[in-house]
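Each residue of the sequence shown is one higher than the one before, starting from 122 at the first, in the working numbering.
Cβ coordinates follow ideal geometry from the N, Cα and C atoms, glycine included.
Predicted, not measured: the structure shown is a model, and the values here were computed from it.
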Amino acid sequence: MSGIGAFVVKEIPEILPATLLFLFLFHMIGLTKAMLLEDYSISALRATTATIGALIVAKAILIVEALPMSGYFASNRVLHVIWKALLFAAVALIFRIAEEIVPHLFSHGELGAAVDAMLREISWPVFGVLMLWVFAALILYCVAAEIVSSVGAAKVKQHFLVPATGDCSR
């Protein structure tokens with residue numbers, strides 16, 4: 122297998138959980154935003170943006186994980202989860218702002234005009250609430266990742282992916 126093929130095969134299992142989470146999350150955010158702003162049209166651009174965004178943020182999570190600063194507070198699991206969620210939220214915030222700018226960029230043609238239009242037209246309360254949802258999902262993601270790293274992937278799979286016996290006392 123070529124170097125690129127081996128790299129891709131290694132990356133897929135690492136990026137899959139975050140990709141699935143953000144794929145679901147960004148599509149739900151798009152749906153919520155459309156409902157709140159009473160824009161009931163289904164846009165291929167909106168779905169494509171959500172899908173590409175999920176891939177970008179999932180890859181950004183892997184990059185953030187590789188940074189030395191992601192290991193801060195590793196001795197305290199609660200602080201470590203919050204710290205990593207904040208780091209991931211910063212990446213997600215950058216994407217969300219870019220997601221708001223892109224449609225304006227197509228209509229205005231230049232970045233400065235697109236940013237001005239975005240700042241004027243964005244519904245900041247909606248933006249803030251949607252970012253709270255992103256942060257809440259990131260907290261859950263970080264908690265789940267911390268559990269998997271401490272308990273082990275095999276044990277988590279055993280508990281969640283095998284048929285239940287009906288015995289809840291395990």
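Range of the contiguous alpha helix (DSSP H) that encloses G249: W245 to V272
Beta-carbon proximity list for A175, same chain, < 6 Å, skipping 5 on both sides: T140, F143, L144 and F147
Nearest candidate by alpha-carbon position, reference V178, set K154, S191, V212 and H201: V212
Secondary structure of S196, DSSP reduced to three states: coil
V283 in three-state terms, based on DSSP: coil
Minimum C-alpha distance to V202 - residue among L259, K131, P134 and G126: L259
Buried versus exposed call for M190 [16 or more other C-beta atoms within 10 Å across all chains shown]: exposed
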